[in-house]
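Notes to accompany the following structure.
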DNA sequence: GTCTATATGTTGATAGAC
DNA sequence: GTCTATCAACATATAGAC
């Protein structure tokens, strides 16, 4: 009985496991050595393979790293954003969003990888190009839906478009990662939370404690 | 008579001019080919030198690119932020800040270079590391001074610390560049201006028209 | 002093043996 | 599926011409 072809390659049990092991090890190497030190050779040695052995599972280094990010990003979003949108209205979104950012502070390798790929993916030929566009649109759509809802309810300021504010929130999250990568004493979660607090209306029904 | 040693190398007229020419050409190549296609060889050919000829003026490719950014960044800041801080209080700062961002929309190569170096400079050994730290601190200091001033005057919201808000504004500027590099239809200046508008107090003395 | 030409070591990518 | 061998592109260093 052939296993389900869940991917072009590595559909067999051993291949899948090895592929997973490579992705996990790559992330650890990035966290330890930084993105620059994370060559395919370095990752291959850490996982106990030759350079060509690793590239058997992935078309290129860029594709490998794109896959590392995609997996972890999907896992995070599943953990912190169950279902289609955010539960609990504005406060639910605020808490989830801040929690994801707080969690990022525990995985420097992933943050560095995200920032680096976010830059490289501007090139239309980069394997992560479509992924970043799609991811951004989904994120902003989810955010602006909740924002527009709360603006109608009067809980948060309506002095800015919901779509524009959603774009701003995404920019803050990404920009804070750059600052944090440069100087680790930046408190990304607290900064984001303070911005959320400032966006609440003074006399809104769901006034913050 | 020996010319003033304004730099370790290139203190002679011809050397200074060549150095300047390389920096200018490098920027043009980046704008045309993108950061990835901008090898030293490519730049060398564009400027009419050999690869080693270019590297005579700069210790490394990273140092060359760092220098390109530093020069242009300094020029921009001189153009849009005369003197020590921003003139014209909050509205002056708002206009200058938005104007710089609008101007960035005209130099995609520089934006790409900035984003790329901002990521790479997280590594403490990168030649731009200290520069980015210093630049961020100066920017946030200038911003938070004006913000605190206007908060006391009651023109903008005091529901967030001046220092925190300054950090947020920097993050928005950097984050918007990532979004814009990915999808050029993003209006960075308009988005930033909308955020500034949302930060104004409803009944403040310097109410927006 | 400034440049050309050349050599070295590293990287990512690919072909083919087992 | 994993390996060895090989390739081209790259950054870097240096020898020597002018």
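Protein chains in written order, with this note's numbering: chain A, 28 to 236; chain B, 28 to 236. Beta carbons: idealized from backbone N, C-alpha and C, even for Gly.
Under the 8 Å criterion on CB atoms, residue 122 (chain B) is classed as non-interfacial with respect to chain A.
Neighbourhood of residue 184 (chain B) in chain A, by CB distance below 7 Å: 225, in chain order. Going by C-alpha positions, residue 148 (chain B) is about 7 Å away from residue 154 (chain B). Secondary structure note for residue 113 (chain A): it is in no alpha helix (DSSP H), with a DSSP letter that is neither H nor E. If you look at residue 156 (chain A), you'll find it in the alpha helix (DSSP H) that goes 156 to 180.
Legend: CB atoms of the region 130 to 158 of chain A lying less than 8 Å from CB atoms of chain B belong to residues 139, 142, 143, 145, 146, 147, 148, 149, 150 and 156. By the neighbour-count definition (other C-beta atoms within 10 Å, threshold 16), residue 201 (chain A) is a buried residue.
Straight through space, the alpha carbons of residue 162 (chain A) and residue 99 (chain A) are spaced by roughly 13 Å.
Residue burial is scored here from C-beta neighbours: residue 136 (chain B) has at least 16 other C-beta atoms within 10 angstroms and is therefore classed as buried. In terms of Cβ geometry, residue 193 (chain A) and residue 167 (chain A) form a close pair [threshold 8 Å].
Annotation: the continuous alpha helix (DSSP H) that includes residue 89 (chain B) extends over 88 to 107.
A Cβ of chain A is located within less than 8 Å of the beta carbon of residue 194 (chain B). For residue 196 (chain B), the uninterrupted alpha helix (DSSP H) run begins and ends at 189 to 209, by DSSP.
Near chain A, meaning a CB-to-CB distance below 7 Å, the residues of the region 55 to 66 of chain B are 61 and 63. A residue is called buried when at least 16 other Cβ atoms come within 10 angstroms of its Cβ; residue 47 (chain B) does not meet this threshold and is exposed. Shown here, residue 76 (chain A) sits in coil according to DSSP, grouped into three states, outside any helix or strand. Taking residue 139 (chain A) as the centre and dropping the five residues before and after it, the same chain places the C-beta of 57, 61, 62 and 208 closer than 7 Å to its C-beta, in chain order. At a cut-off of 8 Å between beta-carbon atoms, residue 198 (chain A) makes contact with chain B. Pairing residue 96 (chain A) with residue 124 (chain A) gives a Cβ-Cβ distance that is not under 8 Å.
Between the alpha carbons of residue 83 (chain B) and residue 65 (chain B) lies a gap of roughly 18 Å. Contact check for residue 182 (chain A) against residue 218 (chain B) fails: the beta carbons are separated by 8 Å or more.
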